[in-house]
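Colleague: Pasting in a structure now, in structure tokens, and then I'll have a few things to ask.
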Amino acid sequence: MTFRDAMATRQRILEHARRLFAGQGFGAVTVKDVADAAGVSPNLITRYFGGKDGLFVAATRVEIPVSTALDGDRSALGARLAASIVQRWFGAPGEDPLLVLQRASGERPEAAEALAAFLDTNSLEPLHRFLCGSGLDDAEARSRAAAIDAFVLGVSTRRRVLRSELGDPADLQAWLSTTIQRLADG
2 MTFRDAMATR QRILEHARRL FAGQGFGAVT VKDVADAAGV SPNLITRYFG GKDGLFVAAT
62 RVEIPVSTAL DGDRSALGAR LAASIVQRWF GAPGEDPLLV LQRASGERPE AAEALAAFLD
122 TNSLEPLHRF LCGSGLDDAE ARSRAAAIDA FVLGVSTRRR VLRSELGDPA DLQAWLSTTI
182 QRLADG
């Protein structure tokens with residue numbers, strides 16, 4: 002097997018693992034389930050990822066380019082963040098690793114810790130720095146960033162984990178934009 006084939010196989014395994022973990026949760030998914038879905042031997046999962054735990058860690062690696070939503074004036078922060086959020090929820094192909102982490106956080110303490118660390122690093126702290134840079138004092142910026150972070154996580158959990166219907170993407174984006182902006186403005 003060539004390096005290119007190995008990378009394609011590894012990626013196919015990860016895509017199926019994300020979909021299965023997101024849909025069924027960590028506990029219900031077996032290595033064999035993922036191997037069958039990806040059309041590979043379970044031995045390849047052990048070879049590439051060291052087993053189910055390693056596969057889960059790889060499948061939940063999350064990258065969110067939040068910096069683009071934080072470029073610009075505070076007066077349009079809600080619109081930029083809402084557009085970014087709705088794009089991730091409705092426009093991302095396949096199962097989002099962040100969704101996998103959200104769903105698994107209730108059954109695996111390490112998933113909850115990974116989600117909290119991810120949100121602190123990629124959401125709360127960048128928002129805090131942005132709000133400080135927009136003229137707010139440190140305590141006020143931290144409070145508003147925490148409110149935005151908690152609001153978005155709550156809506157995300159309601160929509161993606163509890164699978165509640167929150168309307169069409171355009172209406173949801175408008176509502177998120179308005180609410181986030183209110184939180185940012187105090």
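Residues are numbered in my numbering as their position in the sequence shown, beginning at 1, plus a constant of 1.
Don't be surprised by glycine CBs; every beta carbon is placed ideally from N, CA and C.
By a C-beta neighbour count over all protein chains shown, 10 Å radius and 16 as the cutoff for buried, is GLN188 buried or exposed?
Modeller: The displayed coordinates of the chain run from 2 to 187. Any statement about residue 188 would go beyond what the structure contains.
Colleague: Between which two residues does the alpha helix (DSSP H) carrying PHE91 extend?
Modeller: Run containing PHE91: 78 to 92, per the alpha helix (DSSP H) assignment.
Colleague: Which stretch, first to last residue, makes up the alpha helix (DSSP H) that contains GLU141?
Modeller: Where GLU141 is concerned, the enclosing alpha helix (DSSP H) stretches over 139 to 157.
Colleague: Which residue comes first and which comes last in the alpha helix (DSSP H) that contains ALA112?
Modeller: Per DSSP, ALA112 belongs to the alpha helix (DSSP H) from 110 to 120.
Colleague: Under 8 Å by Cβ, that's how I've got LEU15 and VAL63 pegged, so tell me the actual separation to the nearest angstrom.
Modeller: LEU15 to VAL63, Cβ: 13 Å. No contact.
Colleague: Rounded to whole angstroms, what is the Cα-Cα separation between ASP139 and PHE131?
Modeller: Their backbone Cα atoms lie some 11 Å apart in a straight line.
Colleague: Can you list, in chain order, the residues of its chain whose CB lies under 7 Å from that of ALA146, leaving out five sequence neighbours each side?
Modeller: Closer than 7 Å at the Cβ level, and outside the excluded window around ALA146, lie LEU125, LEU128, HIS129 and LEU132.
Colleague: Using 10 angstroms around the beta-carbon of GLY55, count the other beta-carbons present and answer buried if the total reaches 16, otherwise exposed.
Modeller: Per the 10 Å Cβ criterion, exposed.
Colleague: Below 7 Å between beta carbons: does that hold for PHE27 and ALA105?
Modeller: Yes, these two residues count as a Cβ contact at 7 Å.
Colleague: Would you decide whether PHE165 is buried or exposed? Buried here means 16 or more other CB atoms lie within 10 Å of its CB.
Modeller: Reading off the sequence shown, one finds Ser at residue 165, where the question assumed Phe. Its Cβ having fewer than 16 others within 10 Å, SER165 is exposed.
Colleague: Out of curiosity, what's the CA-to-CA distance linking LEU71 and GLN88?
Modeller: Spanning the two alpha carbons is a distance of roughly 15 Å.
Colleague: Which residue comes first and which comes last in the alpha helix (DSSP H) that contains ARG130?
Modeller: ARG130 -> alpha helix (DSSP H) spans 126 to 134.
Colleague: Hey, ARG13 and ALA39 are a contact pair by Cβ (cut 8 Å); roughly how many whole angstroms apart?
Modeller: Between ALA39 and ARG13 the Cβ distance is about 5 Å, and since that is below 8 Å, they are a contact.
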